Amino acid sequence: MNKYIFFPVALLLFISCKMLPNSDKQFETVDANKIYRLRLNPADGSKYYYAISNLTSIKLEVNDTKIDNINETTVGVSYAIGKDILGDFNIKNAIR
Numbered sequence: 376m377n378k379y380i381f382f383p384v385a386l387l388l389f390i391s392c393k394m395l396p397n398s399d400k401q402f403e404t405v406d407a408n409k410i411y412r413l414r415l416n417p418a419d420g421s422k423y424y425y426a427i428s429n430l431t432s433i434k435l436e437v438n439d440t441k442i443d444n445i446n447e448t449t450v451g452v453s454y455a456i457g458k459d460i461l462g463d464f465n466i467k468n469a470i471r
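Residue 376 is where the sequence shown starts when you use this note's numbering, and the numbers rise one by one after that.
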């Protein structure tokens, strides 16, 4: 009984793998000289917040004295996106 079920299932799996759209044409026209540009296209009036956090922990022992020093710094900047008359983007510092 198992060999009668195995063949149709294997055949169905094989056919479904060959019937995927563009499965044989995905990498047909690869051009090494083609240039892709990644760009941000924000909406007018949108706001972004950029934060950098740094945590430094120093543990050492000098002359039988243990020193534990922890420094933590966080810097954040808010930006507001606007457009000028020509449609170019203006990035302004948005104070919270």
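Even for Gly, the Cβ is constructed at its ideal location relative to N, Cα and C. In this text, all values refer to a predicted model and were calculated from it rather than measured experimentally.
Just to confirm, is the Cβ distance from residue i to residue j under 8 Å?
i      : j      : result
Ala426 : Gly451 : yes
Ser432 : Ile445 : yes
Gly420 : Gly457 : yes
Ala455 : Lys422 : yes
Asp459 : Asn465 : yes
Near residue i, what residues of its chain come up, given a Cβ to Cβ distance below 8 Å and the 5 sequence neighbours on each side ignored?
i      : result
Ile442 : Ile433, Lys434, Leu435, Glu436
Tell me, please, which residues DSSP counts as bridged to residue i.
i      : result
Val437 : Thr440
Ala455 : Lys422, Lys467
Rounded to whole angstroms, what's the CA-CA distance from residue i to residue j? Just pull it up for me.
i      : j      : result
Ser453 : Tyr411 : 29 Å
Pro383 : Asp406 : 40 Å
Asn416 : Asn408 : 25 Å
Arg414 : Asn438 : 55 Å
Val381 : Tyr424 : Sequence inspection shows Phe at residue 381; the Val mentioned does not correspond to that position. When rounded, the distance between both Cα atoms is 57 Å.
Who are the near neighbours of residue i in its chain, counting only those whose CB is closer than 6 Å to its CB and skipping five residues on each side?
i      : result
Thr448 : Asn429
Specify the secondary structure class of residue i as computed by DSSP and reduced to three states.
i      : result
Ile380 : helix
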